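Step one of this worksheet: look at the structure below.
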Amino acid sequence: MFSLALSMVLAAAAAAPDPVIPARKAYSACLNKVTIENLDKKTDASAFDGLLQGACAAPEAELKKALIASDLARGFKRKDAEEGAALQIDDYLAVAKEDYRGYQESKTKPN
82 MFSLALSMVL AAAAAAPDPV IPARKAYSAC LNKVTIENLD KKTDASAFDG LLQGACAAPE
142 AELKKALIAS DLARGFKRKD AEEGAALQID DYLAVAKEDY RGYQESKTKP N
C-alpha cells in the first residue's frame, strides 16, 4: 500500500510541468530574435548593449516570476529567490552581449 501511494506521488511529481522551462525558452527566443534583428541592421555592439536591457521585458518578467516561484516552492527565502533570479537574468544578458560581438566578428548569425 505504501509503495503504491509513493508511486502515485512520484508519478504526479514527474508529470507536473515545470513553469521555468517554457519561461526560459521564451526569454531565450526573444533575446535571439533581438540579436538577429540587430545583426541585420549592423547595430554597433555598444548600442546593442543599451537596447537589449529592455527589449524582452515581458518574457524577462515571466522568467523572473517562474524562477522566484520555483525557489520559494523549494524553501528558499524570498530575498534569496529574488537575488537568484536577478543573477540568472543578468547571466542571460551578459551571454547575449558576448554572443552578439562574436556573431559580428565572425559575420554569422544564431540559428
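Remember, my numbering sits 81 above the position in the sequence shown when you count from 1. Each residue gets a CB set at the ideal place from its N, CA and C atoms; glycine is no exception. Computed from a predicted model, the values in this text were never measured in an experiment.
- If you ignore the 5 residues before and after Asn-113, its C-beta comes within less than 6 Å of the C-beta of Pro-191, all in its own chain and listed in chain order.
- A Cβ-Cβ separation of about 5 Å places Leu-153 in contact with Ala-162 under the 8 Å criterion.
- According to the DSSP assignment, Asp-121 belongs to the alpha helix (DSSP H) that extends over 101-122.
- Under the three-state reduction of DSSP, Phe-129 is assigned to helix.
- Going by C-alpha positions, Ala-147 is about 12 Å away from Pro-98.
- For Gly-156, the secondary structure class from DSSP, reduced to helix, strand or coil, is coil.
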